[in-house]
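Residue numbers (the numbering used here): 2 to 275.
Everything on this sheet refers to the single structure shown next.
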Amino acid sequence: MDWLQAIVLGIVQGLTEFLPISSSAHVSIVGQLLFDGRDPGAAFTAVTQLGTETAVLVYFRKDIWRIITHWIGSLRGTVEKGDPDARMGWLVIIGSVPIVVLGLLFQDAIDTTLRNLWITVAMLAGVALVLAAADRFGERNTKDLRQLSWRDGILLGLFQAAALIPGVSRSGATISGGLFLGFNREAAARYAFLLAVPAVFGSGLYKLKDIGDDTAATWGPTIVATILAFVIGYAVIAWLLRYISTHSFRIFVVYRLVIAAIVAVLILTGVLSA
Numbered sequence: 002m003d004w005l006q007a008i009v010l011g012i013v014q015g016l017t018e019f020l021p022i023s024s025s026a027h028v029s030i031v032g033q034l035l036f037d038g039r040d041p042g043a044a045f046t047a048v049t050q051l052g053t054e055t056a057v058l059v060y061f062r063k064d065i066w067r068i069i070t071h072w073i074g075s076l077r078g079t080v081e082k083g084d085p086d087a088r089m090g091w092l093v094i095i096g097s098v099p100i101v102v103l104g105l106l107f108q109d110a111i112d113t114t115l116r117n118l119w120i121t122v123a124m125l126a127g128v129a130l131v132l133a134a135a136d137r138f139g140e141r142n143t144k145d146l147r148q149l150s151w152r153d154g155i156l157l158g159l160f161q162a163a164a165l166i167p168g169v170s171r172s173g174a175t176i177s178g179g180l181f182l183g184f185n186r187e188a189a190a191r192y193a194f195l196l197a198v199p200a201v202f203g204s205g206l207y208k209l210k211d212i213g214d215d216t217a218a219t220w221g222p223t224i225v226a227t228i229l230a231f232v233i234g235y236a237v238i239a240w241l242l243r244y245i246s247t248h249s250f251r252i253f254v255v256y257r258l259v260i261a262a263i264v265a266v267l268i269l270t271g272v273l274s275a
């Protein structure tokens with residue numbers, strides 16, 4: 002991987018991580034176009050996601066600090082057990098369990114078989130239809146994060162775990178789940194961002210050991226890509242939260258279907274190898 006390729010992939014990661022269009026799919030597809038058919042790899046994807054998740058930490062720093070301190074306070078007995086922020090801490094922990102367990106159980110498949118582009122095409126198109134249905138279902142949703150239950154946390158954790166398959170989209174799956182459970186768009190998006198932090202940092206830190214072992218992912222370019230992902234990801238978070246307060250997810254549904262069709266054509270014509 003050269004520096005220009007890393008810059009492009011860092012920009013792609015930052016632009017797509019928080020939009021419900023699957024960053025892993027875009028990094029894989031663009032990476033193969035840049036690398037003459039070679040996937041940049043699961044390690045590179047996981048590590049560059051550290052940049053976008055750091056953007057979440059910075060953007061939601063006040064919320065995250067309050068959640069952490071209140072959660073610790075509830076353990077010490079200085080904060081009531083029913084405190085909303087302490088409860089949110091537990092909900093993020095519980096919601097993170099499914100993706101951790103499934104990620105470890107199916108690690109080999111995630112790194113190899115599930116990166117097949119035909120699977121990515123199917124997920125891009127299939128989840129587009131799920132997102133469209135969820136968006137329509139949730140048009141008049143009024144529930145906010147104060148009404149998030151333990152059952153909701155576990156179910157949304159399962160939705161997030163589906164994003165282990167490239168093409169699904171972590172934010173797209175979790176937001177769709179939130180809409181189906183009655184939460185408004187902004188609440189579903191905020192919880193999706195918070196829920197992703199432990200899983201993505203865990204995955205990225207775990208994959209750090211693989212950088213340098215694969216010729217497609219070397220340290221220098223990976224660091225540059227990660228920094229770019231952070232800067233652009235921060236801007237995308239701010240834009241998306243404003244956008245969904247007054248708009249539906251229809252544009253992302255159409256985009257996913259168009260990209261799925263384009264990738265299918267590129268595979269069939271031999272431009273990309275599945």
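Think of the CB as a built atom: it goes at the ideal place given N, C-alpha and C, for glycine as much as any other residue.
In this text, all values refer to a predicted model and were calculated from it rather than measured experimentally.
Exposed unless 16 or more other CB atoms sit within 10 angstroms - verdict on residue i
| i | result |
| --- | --- |
| K210 | exposed |
| H71 | buried |
| S172 | buried |
| L105 | exposed |
| R88 | buried |
| T79 | exposed |
| H248 | exposed |
| V272 | exposed |
| R257 | buried |
| I238 | buried |
| G221 | exposed |
| I30 | buried |
Cutoff 6 Å; reference residue i; Cβ partners in own chain excluding five residues on either side
| i | result |
| --- | --- |
| G139 | L180 |
| G234 | G15, E18, T53, A56 |
| G96 | G154, L157, G158, L196 |
| S1 | With the chain represented from 2 up to 275, any question about residue 1 goes unanswered, as that position is not in the structure. |
| S177 | V131, L132, A135 |
| L35 | Q6 |
| V254 | A129, L132, A133 |
| Q50 | V201, G205 |
| R191 | none |
| K82 | S75 |
| A230 | G11, Q14, G15, T49, G52, T53 |
| I111 | L165 |
Residue range of the alpha helix (DSSP H) that includes residue i
| i | result |
| --- | --- |
| I94 | 85-106 |
| T227 | 220-245 |
| V272 | Neither: V272 is in no alpha helix (DSSP H) and is coded neither H nor E. |
| I22 | Run containing I22: none; DSSP gives neither H nor E here. |
| V13 | 4-17 |
| L132 | 118-138 |
| F160 | 151-162 |
Spatial neighbours of residue i in its chain, beta-carbon cut-off 7 Å, leaving aside the 5 residues before and after
| i | result |
| --- | --- |
| L225 | The amino acid at residue 225 is misidentified as Leu; the sequence shows Val. Taken in chain order, the residues that qualify are W4, A7, I8, G11. |
| P85 | R147 |
| G74 | V80, A87 |
| V169 | S23, M124, V128, A163 |
| A265 | V122 |
Coil, strand or helix - residue i by DSSP
| i | result |
| --- | --- |
| F184 | strand |
| K210 | helix |
| K63 | helix |
Own chain residues within Cβ distance below 8 Å of residue i, not counting five before or after
| i | result |
| --- | --- |
| S246 | R186, E187 |
| I100 | G158, Q161, A162, A164, L165, A200 |
| L58 | I65, V198 |
Query raised in the report: Do the stretch 108-127 and the stretch 146-155 meet, that is, are 3 or more Cβ pairs less than 8 Å apart?
Result: no
Query raised in the report: Do the stretch 98-113 and the stretch 261-273 meet, that is, are 3 or more Cβ pairs less than 8 Å apart?
Result: no
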